[in-house]
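Enquirer:
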Amino acid sequence: MSRVQSKPKLLKFGEKLQILRLESNLTLQQFAESLGYSAHGYISELESSKKTPTVEFVLSVSRVYNVSIDILLKDELELERNSK
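By the working numbering, the letter at position 6 of the sequence shown is numbered 7, and the numbering carries on one by one without gaps.
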């Protein structure tokens, strides 16, 4: 997840998720299945920021892809704070 860690701009969770998937050379369907989901619709909605991830989903991504939860969520929290 090197691109996520090195980018200077703040990234939403969905953007980070998409980078992780693309760097893993996975389709939406393959990525969904790797996380225990049978359909890719939920992943697609997360990547486009149409949905907010559940705690369980974030934990699953962190565990399966060995990515710190802090890396996945830090920018999202900062973006929310800045929008208030």
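The C-beta atom is built at its ideal place from N, Cα and C for all residues, glycine as well.
Do Leu74 and Phe14 have their CB atoms nearer than 8 Å?
Expert: yes
Enquirer: Would DSSP call Lys8 helix, strand or coil?
Expert: Legend: pLDDT at Lys8 = 49, less than 50; position of this residue unreliable, value from coordinates given subsequently. In the structure shown, Lys8 sits in coil (DSSP, three-state: anything other than H, G, I, E or B).
Enquirer: Along the chain, where does the alpha helix (DSSP H) containing Val59 start, and where does it finish?
Expert: From DSSP, the alpha helix (DSSP H) with Val59 extends over Val56 to Tyr66.
Enquirer: Using the C-alpha atoms, what's the distance from Asp76 back to Leu11?
Expert: 5 Å
Enquirer: Is any heavy atom of the ligand FAD found at a distance shorter than 7 Å from the C-beta of Glu34?
Expert: The model on display carries no ligand, and the ligand FAD is accordingly not part of it.
Enquirer: Whose C-alpha, out of Asn83, Asn67, Asp71 and Glu79, is nearest the C-alpha of Arg22?
Expert: Of Asn83, Asn67, Asp71 and Glu79, the residue nearest in Cα terms is Asn67.
Enquirer: So His41 packs on Leu27, CB below 8 Å; how close in whole Å?
Expert: Contact between His41 and Leu27 is ruled out by a C-beta separation of about 10 Å, above the 8 Å threshold.
Enquirer: What three-state label does DSSP hand Leu125 in the structure shown?
Expert: As shown, the chain starts at 2 and ends at 85. That puts residue 125 outside it, with no answer to give.
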